[in-house]
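Participant: Before I ask anything, let me first share the structure, which is written out below as structure tokens.
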Amino acid sequence: MAIQPIRVGVVGSGMISRIYLENMTRRFNILEVGGVSSAHLENAKRRADEFGLPARTFEALLADASIDMIVNLTPAPAHEAIIRRALEAGKHVYTEKVMTTSHESARALADLAAGKGLWLGSAPDTFLGAALQTARRAIDDGLIGEVTSFAFAANRDNNFLTPFFRFLNLPFGGVAYDYSVYYLTALCALLGPVARVAAAVRAPYPTHTDIDPRSATFGQSIETPNESEISAVLTLRSGVSGTAHVNADSVIEDKHFFAIYGTKGILYLPDPNGFGGEVRLQPNWAYDQSPAPVRVLECPFGYRDNSRGVGPAELAWSIRAGRPARAGADMACHVLEVIDGIIESGRTNAFVSIDSDFAMPRPLEVPTAGEENSIRG
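The opening residue of the sequence shown carries number 415 in this note's numbering; numbering runs sequentially from there.
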């Protein structure tokens with residue numbers, strides 16, 4: 415018997431909406447897109463026309479009884495109001511990251527959704543991709559033994575990025591909320607919840623020069639007030655601790671490092687801002703008394719390319735199956751509390767306890783022939 419698709423209304427027509435709509439209209443048969451809205455309807459129409467979809471107001475999407483889920487692709491400061499209105503209208507919601515601008519408001523929305531029997535999920539969904547699912551399987555299978563620590567580091571260059579991507583200069587557009595969220599979500603999906611954090615946070619360059627020749631302020635100074643450097647120590651509830659470092663005052667090409675250390679080896683992960691890439695294992699040669707080279711693990715999972723939209727699709731399967739979503743509200747609220755804790759620790763120069771918890775998302779099954787990935791199970 416065919417599964418009835420979940421009918422989706424998309425809110426937001428910015429840059430990220432194109433890949434979401436491409437995947438949600440052409441890749442996931444569990445989803446049926448019923449319209450695109452935006453704060454400016456002409457922008458929604460331009461994006462909707464690319465995919466043969468109707469442009470509609472947000473109010474029209476909420477009033478449409480055939481729309482089951484809202485996929486919210488607006489900037490973070492707009493999330494809380496949009497999610498709340500959608501939930502109050504009886505719609506399930508999947509939102510771009512971060513869920514809201516504070517873990518308290520995110521938790522309130524999660525409680526509202528639960529009270530209404532609705533599903534609420536949030537990006538990042540990259541941990542559902544091929545690379546991080548391969549890493550999860552390696553950890554669960556004991557390939558690196560008992561996990562003892564972890565470390566990640568990432569960079570970018572705000573001199574180049576902030577003039578072109580102005581949302582990075584809006585509140586909650588700094589590296590903690592906009593960038594480290596990918597690494598922290600991957601960490602939590604692989605190793606579980608965080609217990610406490612301590613961090614140093616800097617915003618050393620409050621202005622940058624506008625280098626965008628298309629801009630009305632080309633050549634002028636623009637305000638870039640958000641945090642651009644964070645260095646943190648995180649202790650997990652398991653007792654394992656590790657480090658996090660993100661620097662947006664460096665080079666333009668992202669140079670990621672992400673390692674999980676264990677008693678039997680080290681797992682090197684690709685950039686969690688993507689879905690694919692190599693997962694490499696450095697075994698502990700002491701176990702077989704011969705030097706063991708780093709090897710690339712076989713990756714049996716799908717979603718190696720830009721698969722944004724897999725989160726809403728997995729949420730839709732969860733709704734139909736009546737089970738918790740993998741990219742669900744509890745983990746998103748927890749990751750947001752960790753980010754809030756990093757910012758608070760940077761302000762107070764003290765450890766900050768993370769009080770929330772979540773059940774680790776179930777790993778995906780290896781897909782059978784003809785399936786791209788087993789997000790339906």
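Backbone N, C-alpha and C define an ideal beta-carbon position, used for all residues, glycine too. These figures come from a predicted structure and were not determined experimentally.
From which residue to which residue does the alpha helix (DSSP H) around Arg761 run?
Facilitator: Along the sequence shown, one-based indexing puts residue 761 at 347. Per DSSP, Arg761 belongs to the alpha helix (DSSP H) from 743-762.
Participant: Quick test of the definition: if touching needs 3 or more C-beta pairs under 8 Å, does the region 513-532 touch the region 674-690?
Facilitator: no
Participant: Terminal residues of the continuous beta strand (DSSP E) containing Ser516?
Facilitator: Residue mapping note: residue 516 aligns to position 102 of the sequence shown, counting from 1. That residue, Ser516, is in no beta strand (DSSP E); it is neither H nor E in DSSP.
Participant: Give the C-beta separation of Arg550 and Pro777 to the nearest angstrom, bearing in mind that I take them to be a contact with Cβ-Cβ under 8 Å.
Facilitator: Here residue 550 refers to the residue found at position 136 of the sequence shown. Here residue 777 refers to the residue found at position 363 of the sequence shown. Contact holds; Cβ gap of about 5 Å.
Participant: By Cβ distance below 8 Å, which residues in the same chain neighbour Gly651 in space, the five residues on each side in sequence not counted?
Facilitator: Taking the first residue of the sequence shown as 1, we reach residue 651 at position 237. Checking the sequence, you will find Arg at residue 651 rather than Gly. Around Arg651: Gly606, Pro607, Val608, Ala609, Asp771.
Participant: Which first and last residues belong to the beta strand (DSSP E) in which Asn661 is found?
Facilitator: What you label residue 661 is simply residue 247 of the sequence shown in a count that begins at 1. 655-661 is the extent of the beta strand (DSSP E) around Asn661.
Participant: Look at the alpha carbon of Val693 and the alpha carbon of Thr548, and state the distance between them as a whole number of angstroms.
Facilitator: By one-based count along the sequence shown, residue 693 stands at place 279. By one-based count along the sequence shown, residue 548 stands at place 134. C-alpha separation (whole angstroms): 7 Å.
Participant: For Val710, count neighbouring C-beta atoms within 10 Å of its own C-beta (all shown protein chains included) and say buried if the count is 16 or more, exposed if not.
Facilitator: Taking the sequence shown and counting its residues from 1, the one referred to as residue 710 is at position 296. By the 10 Å Cβ count, Val710 comes out exposed.
Participant: Flag this pair as touching only if the region 559-579 and the region 635-642 have three or more C-beta atom pairs under 8 Å; answer yes or no.
Facilitator: The region 559-579 is in contact with the region 635-642.
Participant: Just verifying my parser: in three-state terms, what is the DSSP assignment at Phe715?
Facilitator: Taking the first residue of the sequence shown as position 1, residue 715 is located at position 301. Three-state result, Phe715: coil.
Participant: Between the C-alpha atoms of Phe689 and His670, what's the straight-line distance to the nearest angstrom?
Facilitator: The count along the sequence shown starts at 1 and reaches residue 689 at position 275. The count along the sequence shown starts at 1 and reaches residue 670 at position 256. Cα to Cα, the separation comes out at about 14 Å.
Participant: Do the region 757-770 and the region 459-477 meet, that is, are 3 or more Cβ pairs less than 8 Å apart?
Facilitator: no
Participant: Let me make sure I understand the geometry here. Which of Asn720, Gly725, Ala706, Gly691 has the alpha-carbon closest to that of Cys713?
Facilitator: Residue mapping note: residue 713 aligns to position 299 of the sequence shown, counting from 1. Closest option to Cys713, Cα to Cα, is Gly691.
Participant: Kindly indicate which three-state DSSP category Val595 falls into: helix, strand or coil?
Facilitator: Reading the sequence shown from its first residue, position 181 is the one you call residue 595. It is helical.
Participant: What residues in its chain sit with their C-beta under 6 Å from that of His659, if we drop five residues either side in the sequence?
Facilitator: The sequence position of residue 659 within the sequence shown is 245, counting from 1. Hits under 6 Å: Ala567, Ser645.
Participant: Might you give, ordered along the chain, the residues of its own chain that have their beta carbon closer than 7 Å to the beta carbon of Pro489, omitting 5 neighbours on each side?
Facilitator: As a working mapping, residue 489 is identified with position 75 in the sequence shown. Hits under 7 Å: Phe581, Leu584.
Participant: Closer than 8 Å is the cut-off here; do at least three beta carbon pairs connect the region 532-541 with the region 501-508?
Facilitator: yes
Participant: Run through the region 459-541 for me and flag every whole beta strand (DSSP E) of 3 or more residues, listed as ranges in chain order.
Facilitator: Whole beta strand (DSSP E) segments, 3+ residues: 483-486, 506-509, 534-536.
Participant: Quick one: what's got a C-beta closer than 6 Å to Leu546's C-beta in the same chain, skipping five residues either side?
Facilitator: For the purposes of this step, residue 546 is identified with residue 132 of the sequence shown, where counting begins at 1. Only Ala600 meet the Cβ criterion.
Participant: Pick from Ala735, Leu729, Leu683, Arg790: whose alpha carbon is nearest that of Ala552?
Facilitator: Taking the first residue of the sequence shown as position 1, residue 552 is located at position 138. Here the closest residue by C-alpha is Leu683.
Participant: Among Arg734, Ser427, Val425, Ile753, whose alpha-carbon lies nearest the alpha-carbon of Gln418?
Facilitator: Position 4 of the sequence shown holds residue 418. Ranking the options by Cα distance to Gln418, first place goes to Arg734.
Participant: From which residue to which residue does the beta strand (DSSP E) around Ser635 run?
Facilitator: The residue labelled residue 635 in the question sits at position 221 within the sequence shown. Its beta strand (DSSP E) spans residues 635-637.
Participant: Rounded to whole angstroms, what is the Cα-Cα separation between Val654 and Glu518?
Facilitator: By one-based count along the sequence shown, residue 654 stands at place 240. By one-based count along the sequence shown, residue 518 stands at place 104. Rounded to the nearest angstrom, the two C-alpha atoms are 26 Å apart.
Participant: To the nearest angstrom, report how far apart Gly736 and Glu728 are at their CA atoms.
Facilitator: Start at 1 with the first residue of the sequence shown, and residue 736 comes out as number 322. Start at 1 with the first residue of the sequence shown, and residue 728 comes out as number 314. The straight-line gap from Cα to Cα measures roughly 12 Å.
Participant: Check Ile625 in the structure and name its three-state DSSP category.
Facilitator: By one-based count along the sequence shown, residue 625 stands at place 211. Three-state result, Ile625: coil.
Participant: How long is the line joining the alpha carbons of Asn572 and Asp626, rounded to whole angstroms?
Facilitator: As a first step, residue 572 must be located in the sequence shown, where it is residue number 158. As a first step, residue 626 must be located in the sequence shown, where it is residue number 212. Between the alpha carbons of Asn572 and Asp626 lies a gap of roughly 13 Å.
Participant: Would you kindly report the start and end of the unbroken beta strand (DSSP E) that includes Ala614?
Facilitator: As a first step, residue 614 must be located in the sequence shown, where it is residue number 200. Ala614 -> beta strand (DSSP E) spans 608-616.
Participant: When DSSP builds the beta bridges, which residues end up paired with Asp879?
Facilitator: Examination of residue 879 is not possible in this model, given that the chain is present from 415 through 791 alone.
Participant: Since I believe Pro618 is in contact with Asp663 (beta carbons under 8 Å), could you give me their beta-carbon distance rounded to a whole number of angstroms?
Facilitator: Position 249 of the sequence shown, counted from the first residue, corresponds to residue 663. Position 204 of the sequence shown, counted from the first residue, corresponds to residue 618. Right, their Cβ atoms sit about 7 Å apart.
Participant: When the distance is taken between beta carbons, is Val450 closer than 7 Å to Ser480?
Facilitator: Here residue 480 is taken as the residue at index 66 of the sequence shown, counted from 1. Here residue 450 is taken as the residue at index 36 of the sequence shown, counted from 1. Not a contact, by the Cβ cut-off of 7 Å.
Participant: Using DSSP's beta-bridge definition, name the partner residues of Arg421.
Facilitator: Within the sequence shown, numbered from 1, the residue matching residue 421 stands at position 7. DSSP output for Arg421 lists Glu446 as bridge partner(s).
Participant: Excluding the five sequence neighbours on either side, which residues of its own chain have a C-beta within less than 7 Å of the C-beta of Ala544, listed in chain order?
Facilitator: For this step, residue 544 is matched to residue 130 along the sequence shown. For Ala544, where only same-chain residues beyond five positions count, the Cβ hits under 7 Å are Phe689, Gly690, Cys713, Phe715, Gly716, Tyr717, Arg718.
Participant: Across which residues does DSSP place Phe671 in a beta bridge pair?
Facilitator: Locating residue 671 in the sequence shown gives position 257, counting from the first residue. Bridge pairing for Phe671: Ala567 [DSSP].
Participant: Per DSSP, what kind of secondary structure is Pro697 in: helix, strand or coil?
Facilitator: Stepping through the sequence shown from its first residue, residue 697 is reached at position 283. Correct three-state label for Pro697: strand.
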